[in-house]
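Taking it in order: structure first as structure tokens, then the write-up.
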Amino acid sequence: MTIKQEKTPRLDLLLYAHDGRGLGHVARTVAIGLAVRRLYAELRVLLVTGCRQTGELIGPAPLDWLKLPAYATKVVAGKSRGVGGLSGFSDQALGQIRANQILHIVECYRPRLVLSDHTPQGKHKELVPSLEAFGQTDDIRWLLGMRGVIGGVKQTESAHALDHFRRFYSGLLWYGDAAILGDEHKKMLAKRFDIVPVECGYVSRLSELSYFLPAHNQSYACTVSVPWFDEHTHDFLELLIQSIQRTDGKYGQWRIFLGEGADPSHLSSLNRLSYCTVEPFSRHYLEASSCSKMAVIFGGYNSLVDVLALNIPAIAIMRSMEDLEQQHHLEKLTLAFPDKITVLGEQKCSSTVLYEKILFYLQSSFSSSLRGAINLSGAENAAVHIAALLP
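Using numbering that gives the first Met the number 0, the letters of the sequence shown correspond one by one to residues 0 to 390.
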């Protein structure tokens with residue numbers, strides 16, 4: 000199969016992010032897309048993903064995207080497994096359908112460069128048909144981007160993944176900072192993929208989105224983000240509600256963003272508190288976070304980088320996931336910024352400890368800048384690198 004030469008202009012950059020559980024992969028990819036559109040407005044850019052919240056992640060910024068039917072996952076005992084999506088198709092069937100869709104997108108838009116987040120073959124190998132059709136032509140360049148701490152993700156270290164990277168990809172972007180994480184992750188990637196990664200720094204969506212939004216002057220006590228629920232999250236939310244109730248609204252308004260699956264009784268308890276606003280994840284998250292004294296977040300890459308970019312202290316709730324990415328990443332960040340991040344285990348957290356940590360941050364003043372201490376310009380650096388590669 001060859002690319003059809005049409006009279007219409009070619010797409011410059013196609014961004015791919017897989018979906019199914021959290022928002023981290025899509026949020027990183029959105030951030031890079033926003034940076035490209037901000038710095039190189041003349042370039043044609045599209046993002047393709049199944050994540051239903053992508054529009055809210057982009058907000059009013061000038062980045063367009065194509066929606067695939069979404070994957071769905073269920074987490075049990077720290078292990079994620081695919082389940083049927085909202086379209087009614089099984090996880091396996093969706094992989095086949097989406098692979099055909101992505102191939103059609105590549106055929107239609109003829110991108111000059113494709114950036115994939117996290118895995119070279121895509122989720123359920125959905126990039127493989129496109130790679131096999133167009134991966135060995137000089138017309139399209141393929142890049143892979145990977146988060147600061149990869150974790151034990153089989154899809155990134157399998158023989159199949161390594162084979163597809165070596166056959167089709169020409170570059171690897173690393174969204175980490177060696178000053179914080181050390182060199183071991185870069186060296187591991189270099190050895191695994193037989194290529195020297197480009198160190199971009201941490202990628203923050205909120206940093207990029209702030210260029211497209213007006214400044215806010217509100218003041219809130221805390222922003223809470225619970226993007227998705229596993230079998231232990233409901234118990235943690237119960238403890239958090241108890242802690243919020245004990246503050247009795249003395250420190251200001253709480254902005255609480257909950258993903259799908261929250262217990263109706265928890266929603267009812269929060270809605271009864273006049274100093275709490277409960278809402279689904281939306282573009283208002285930036286305004287709420289940037290105006291808050293502190294945050295309570297789960298310890299994924301995206302949430303951690305955003306609170307560091309906003310320079311507010313945070314309680315990071317650590318899930319016991321099988322890949323250990325959160326554990327390793329939080330260990331490095333808390334060593335670097337012990338006054339900014341407190342880590343509590345989702346399953347081991349107590350109401351007393353949680354309340355004491357919340358009270359400490361609400362009653363303390365943190366003015367020290369992180370400027371120079373961590374590289375948070377990953378999206379911009381990735382955009383500059385991508386633009387330099389475009390023919």
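C-beta atoms are modelled at their ideal positions from N, C-alpha and C, and glycine is treated no differently. None of the values given here were measured: they were computed from a predicted structure.
Item, Value
"Is Y219 helix, strand or coil by DSSP?", "strand"
"Using 8 Å for Cβ pairs, my map puts A60 next to R36. What's the rounded Cβ distance?", "7 Å"
"Cβ of L114 within 9 Å of Cβ of T28?", "yes"
"For a minimum of 4 consecutive residues, which ranges assigned as the alpha helix (DSSP H) are wholly contained in the stretch 152-210?", "153-156, 158-167, 177-180, 183-192, 204-208"
"Which one of Y284, K190, K122 has the shortest CA to CA distance from G258?", "Y284"
"Which residue spans inside the stretch 261-345 form an unbroken alpha helix (DSSP H) run of at least 4?", "263-270, 283-289, 300-309, 324-335"
"Tell me which residue opens and which closes the beta strand (DSSP E) that K66 is part of.", "63-66"
"Give the single residue among A378, W64, V383 whose Cα lies nearest to the Cα of Y210.", "A378"
"Pop quiz: L67 and R97 are said to be a contact at Cβ under 8 Å. What is the actual Cβ separation, rounded to whole angstroms?", "5 Å"
"Would you call the CB atoms of P119 and N99 closer than 9 Å?", "no"
"Can you have a look at C392 and say buried or exposed, based on whether 16 or more other CB atoms are within 10 angstroms of its CB?", "Within the shown structure, residues of the chain are numbered from 0 to 390, placing residue 392 beyond reach of any answer."
"Return the first residue and the last residue of the alpha helix (DSSP H) that T246 is part of.", "232-246"
"Would you mind working out which of A178, V148, K185, Q135 sits nearest Y168, comparing C-alpha positions?", "Q135"
"Starting from the Cα of V148, find the closest Cα among K185, R140, G170 and give me that residue.", "K185"
"Drop a sphere of 10 angstroms on the beta-carbon of S242, count the other beta-carbons inside from all chains shown, and report buried for 16 or more, exposed for fewer.", "buried"
"Can you find the residues in the same chain that come closer than 6 Å, C-beta to C-beta, to K356, ignoring five residues on each side of it along the sequence?", "I314, T341"
"Would you kindly check if the distance between the Cβ of T222 and the Cβ of S291 is under 9 Å?", "yes"
"Relative to the alpha-carbon of I296, which residue among R254, T7, S349, N380 has its alpha-carbon at the smallest distance?", "R254"
"Any heavy atom of the ligand SAM inside 8 Å of the beta-carbon of Y354?", "Absent from the structure shown: the ligand SAM. Ligands present: none."
"Please tell me whether D423 and H123 are closer than 9 Å, where the distance is taken between their beta carbons.", "Shown here, the chain extends from 0 to 390; a query on residue 423 therefore has no answer."
"I need the DSSP call for T136, collapsed to helix, strand or coil.", "coil"
"Report the partner residues of L114 according to the DSSP bridge assignment.", "L14, L142"
"By Cβ distance below 7 Å, which residues in the same chain neighbour L208 in space, the five residues on each side in sequence not counted?", "L33, G58, A60, L285"
"Within 10 angstroms of its Cβ, does Q252 collect 16 or more other Cβ (buried), or is it exposed?", "buried"
"Which one of T48, W227, L172, L212 has the shortest CA to CA distance from L126?", "T48"
"Between the stretch 257-277 and the stretch 172-186, do at least 3 Cβ pairs fall closer than 8 Å?", "no"
"On the criterion of 16 or more Cβ atoms from any shown chain inside 10 Å, does L375 qualify as buried, or is it exposed?", "buried"
"Quick check: what's the CA-CA separation for Y354 versus R245?", "8 Å"
"What are the boundary residues of the alpha helix (DSSP H) that includes R51?", "Element bounds for R51: n/a, residue is neither H nor E."
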